[in-house]
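Chemist:
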Amino acid sequence: MSFDLSIEKGDIKIERDGSVKIVSGNSKLKQDIIKILLTDLGDNKFHSKYGSKIGALQIGHYADNTLMSLDIESSARNAIESLMGLQRSQAKRQALTPGEIIIDILNVKVDRDDADPRMYNIFISVLTQELTEVSSLVSVRIV
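Residue numbers (our numbering): -10 to 132.
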């Protein structure tokens, strides 16, 4: 079984007794999906191909809503496929539970936020090896 430190609102979650909370299984997978989507591609110095290009808009570049949604969807799919590759690599060195392994991307849907046109909501749904569906919603702001 693998585990990760629990992240809440961008910080490591600490329990009332001072211990660090860990996540595993489907909760870890959900956190991994959110982490890879919100990490800019190349920000991790040790894994330059970790992250996504979601929200990366070139200065002076304008794209309509449809093109922007398709670009975000493509970037999200690429990031999840990259995560699947990292899981296969990790499984060679460490035991993973079936709830931590993505076997298929079921859905990636991008919607523009009604209240703030700079915000896009990305809904991701994946199938795990234990045949459960794990869903995540990530909101990004395009500036």
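Every residue, glycine too, gets a C-beta built ideally from N, C-alpha and C.
Owing to the predicted nature of the structure, the values given are computational and were not obtained by experimental measurement.
Any idea what DSSP makes of Asn67, helix, strand or coil?
Modeler: Three-state result, Asn67: helix.
Chemist: Closest to Val9 by CA distance: which of Ser58, Lys17, Val129, Ser(-5) is it?
Modeler: If we check each option's Cα against that of Val9, Ser(-5) comes out closest.
Chemist: For Leu126, is the classification buried or exposed, using 16 other Cβ atoms within 10 angstroms of its Cβ as the cut-off for buried?
Modeler: Classification for Leu126: exposed.
Chemist: Ignore the nearest five residues each way along the sequence and tell me which others in Ser128's own chain have a CB closer than 8 Å to its CB.
Modeler: The answer, listed in chain order, is Asp102, Met108, Tyr109, Asn110, Ile111.
Chemist: Given Gln118, which residues of its chain have a CB within under 7 Å of its CB, disregarding the five upstream and five downstream residues?
Modeler: Around Gln118: Pro87, Ile90, Ile92.
Chemist: Using a threshold of 7 Å, state whether the C-beta atoms of Leu85 and Leu116 are closer than that.
Modeler: Cβ distance not < 7 Å, so Leu85 and Leu116 don't count as in contact.
Chemist: Note down the Cα distance separating Ser58 from Arg77, rounded to an integer number of angstroms.
Modeler: Approximately 29 Å between the Cα atoms of the pair.
Chemist: With DSSP as the reference, please indicate the residues paired to Tyr93 in a beta bridge.
Modeler: What sits at residue 93 in the sequence shown is Asp, not Tyr. According to DSSP, which records beta bridges pairwise, Asp93 is partnered with Leu116.
Chemist: Over what stretch of residues does the alpha helix (DSSP H) that includes Leu18 continue unbroken?
Modeler: Residues 14 to 27.
Chemist: Measuring alpha carbon to alpha carbon, tell me which of Leu30, Glu62, Leu56, Glu(-3) ends up nearest Ser16.
Modeler: Ranking the options by Cα distance to Ser16, first place goes to Glu(-3).
Chemist: Could you give the C-beta distance for Ile22 and Leu72, rounded to a whole number, given that I count them as a contact under 8 Å?
Modeler: Their Cβ separation, rounded to whole angstroms, is 7 Å, which keeps Ile22 and Leu72 in contact under 8 Å.
Chemist: Do Val97 and Glu70 count as a contact pair if the criterion is CB distance below 7 Å?
Modeler: It is not a contact, given that the beta carbons lie outside the stated cut-off.
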